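*Asks:* One structure coming up, written as C-alpha cells, with questions to follow.
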Amino acid sequence: MSPTIMLDVVLLALVIIAGIAAIEVRNLFASVMLASIYSLLMACFWTTMDAVDVAYTEAAVGAGISTILLMGALVLTGETEIVRRAVHWPALGACMLVGALLVYGTLDMPKFGDANAPAHVHPIYAGFTKQDIRKDPSGKSHDDNVAAEKAAAHTEAEAHAETAHGHDDYFHGHVPNQVTSVIVAYRAFDTLFETAVIFTAGMGLIVLLRGRRGNPLKGGLL
Amino acid sequence: MKDNPIMRLAVRWNIPFMLIFALYTQAHGELGPGGGFQSGVIVAAAFILYGLVFGGAEMRRVVPRWFTDLLGAVGVLIYAGAGVYAMAMGYEFLDHAALMPSNPGGAEPWGMTIVEYGVGITVFGVMMTIFNEITEGTNPEDNEPTDDSADTEYGS
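If you read the protein sequences in the order shown, they are chains V and P. Take any residue in the first sequence, note its place counting from 1, add 3, and you have its number in the working numbering. Take any residue in the second sequence, note its place counting from 1, add 152, and you have its number in the working numbering.
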C-alpha cells in the first residue's frame, strides 16, 4: 500500500471517529469542538487530494467561522444536550437514500489522478496543468521544464488566440489559479448571484431576528 | 470570558495574524488558493473572536452594526458595478476586458481582483450580521445602553 493511500485511510478513519463522536457526545461544547476537528481533518484530506481551494474553504468556514458561530449559539442553549435516543426510521431512510444517490452520482466522475480527466485535457488549461507535475520522470532540470512549459503555454496561447484572449498578456488570458478563473470569470454570473444570496440571507436575518429580543432599532441602519 | 488572562492574551495575539492572513488570501485570490469568500470569513472570524471574549458591545464599538449592515450591500454593488461599468464602456456585462481595452487578457486578473473584493466585503458584513443577530440580547450587559429597561428582556 502506498504511503498516500495509508495517509488517506488514517485521515478518513479519524474523520469518521470525529463525526460519530460529535453526534454522540452529550456536552455541546465538546460537540462543537469535535465538529471543528472534523472540518480540520477534512481540510487535511482535501489537501492530500490536491484540492487546496476546497481545503481552504473547509478550514476557513468549517473549522473557523461555523465553530465560532456555534460557540456564540451555545450561550443561548446551555451546555448539555437533552438526551433523546429514539431512532427516527424515516429520517434514517431518507439519509441513507440521499447518501446512496450521492455515491451513485460520483460513479460518473473520472478516477482520482486520471491524466485523461476533462480538467487536464481541456485545451485552454492544458498549458497550465503541465506546471503542476511535481516530479519529472525524465530527470530534466527545473530550467528545462520551465522552458518547455513556456514553449507549450506559448503555442497553446497562439493556438487559442481566437478563443481565449490575446497571447501578449502575462497570464495568457487566464489566471494561474484555475478555480478562481472558473468561479470568477467563466461563471461570473453564478458567483454574482451567490454573493446576492449571501446578502439576502443577511438581510433576511435582520428582518426576522432584529428586534425580537432586546433593543430593536438601535445601532442598525434598518 | 474577558476576565480570563489566557483568553485575552491569546485573542489579542491571534487577531493581527488572522487579519494579515485574510488580506493575503484576498490579494492572492487569482494566484493561489482562496479568494474573497475565505478572506471575508477569516476577517469576520477575527472580529467575532474578539466579540466572544470581550463582549458583543465592545465588538460593536469597534465594528458598529450600521457599518456591517452597509458592507453586505456594498460588496454586491462592487461586484455588480464591475459588470455595469463594462456595459457602460460598450462591453458585455462582467467582461473585464473593459478595464484595460489595450490588453484584454491582462485586464482579467484586475477584474477578478475587484470582484473578489466585492465578495469578501459582502461575506464579512453578512457573517458579522449573523453573529450580531444570533447573540442579540443574550447578555444584557453586552447590549448598548437602552432608554427602556424592558428592551433587554427577551421572550416577553
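Every residue gets a Cβ at the ideal spot worked out from N, C-alpha and C, and that includes glycine. Since this is a predicted model, take the numbers as computed values, not measurements.
1. Relative to the alpha-carbon of V:E82, which residue among V:N30, V:V178, V:A188, V:F115 has its alpha-carbon at the smallest distance?
2. Taking DSSP's pairing of strands, which residues face P:N156 in a bridge?
3. Since I believe P:V278 is in contact with V:G205 (beta carbons under 8 Å), could you give me their beta-carbon distance rounded to a whole number of angstroms?
4. According to DSSP, is P:N284 part of a helix, a strand, or is it coil?
5. Assuming contact is defined by CB atoms lying nearer than 8 Å, are V:G67 and P:A179 in contact in what I supplied?
6. Kindly indicate if chain V contains any beta-carbon less than 8 Å away from that of P:A197.
7. Can you find a C-beta in chain P that's less than 8 Å from the C-beta of V:R213?
8. Hey, does P:I167 have any beta-carbon neighbour from chain V nearer than 8 Å?
9. According to the neighbour-count rule (16 or more other Cβ atoms, all chains shown, within 10 Å of its Cβ), is V:M4 buried or exposed?
10. Suppose you measure from the CA of V:F48 to the CA of P:G187; what does that come to, to the nearest Å?
11. May I have the straight-line CA-CA distance separating P:P216 from P:Y269, to the nearest angstrom?
12. Assign V:S39 to one of two classes, buried (16 or more other C-beta atoms within 10 Å of its C-beta) or exposed (fewer than that).
13. From the DSSP output, in three-state form, read off V:N30 for me.
14. Assuming contact is defined by CB atoms lying nearer than 8 Å, are P:P185 and V:Y59 in contact in what I supplied?
15. Hey, out of V:M74, V:A122, V:A118, whose CA is closest to V:V35's CA?
16. Which value, in whole angstroms, describes the spacing of the CA atoms of V:Y189 and P:E244?
17. Provide the residue span of the alpha helix (DSSP H) that contains V:V187, from first to last.
18. State buried or exposed for P:F169, treating a residue as buried only when at least 16 other CB atoms are found within 10 Å of its CB.
19. Could you check whether the Cβ of P:Y237 sits closer than 8 Å to any Cβ belonging to chain V?
20. Counting along the chain, where does the alpha helix (DSSP H) carrying P:Y237 start and finish?
21. Taking all protein chains shown into account, do 16 or more other C-beta atoms lie within 10 angstroms of the C-beta of P:T274, making it buried, or fewer, making it exposed?
22. Any residues in the segment 180 to 191 of chain V with a beta carbon nearer than 8 Å to a beta carbon of chain P? Which ones, in chain order?
*Replies:* Looking at the coordinates:
1. It is V:N30 whose Cα lies nearest to the Cα of V:E82.
2. DSSP lists no beta-bridge partner residue for P:N156.
3. Right, their Cβ atoms sit about 4 Å apart.
4. Note: P:N284 maps to helix in three-state DSSP.
5. Between V:G67 and P:A179, the gap from beta carbon to beta carbon reaches 8 Å or more.
6. The C-beta of P:A197 comes closer than 8 Å to at least one C-beta of chain V.
7. Contact of V:R213 with chain P is assigned, a C-beta pair being separated by under 8 Å.
8. Taking a beta-carbon distance threshold of 8 Å, P:I167 does not count as an interface residue toward chain V.
9. By the neighbour-count rule (16 or more Cβ atoms within 10 Å), V:M4 is not buried but exposed.
10. Looking at the two C-alpha atoms, the distance is approximately 20 Å.
11. So the alpha carbons of these two residues sit roughly 20 Å apart.
12. Flag for V:S39 reads buried.
13. Three-state result, V:N30: strand.
14. Yes, these two residues count as a Cβ contact at 8 Å.
15. For V:V35, the nearest C-alpha among the options comes from V:M74.
16. Approximately 13 Å between the Cα atoms of the pair.
17. Taken as a continuous stretch (DSSP letters only), V:V187 belongs to no alpha helix (DSSP H), as it is neither H nor E.
18. By the neighbour-count criterion, in which a residue is buried when 16 or more other Cβ atoms sit within 10 angstroms of its Cβ, P:F169 is exposed.
19. No Cβ of chain V is located within less than 8 Å of the beta carbon of P:Y237.
20. Note, P:Y237: alpha helix (DSSP H), 217 to 240.
21. It is buried - the Cβ of P:T274 has at least 16 other Cβ atoms within 10 Å.
22. Those would be N180, V182, T183, S184, I186, V187, A188, A191, in chain order.
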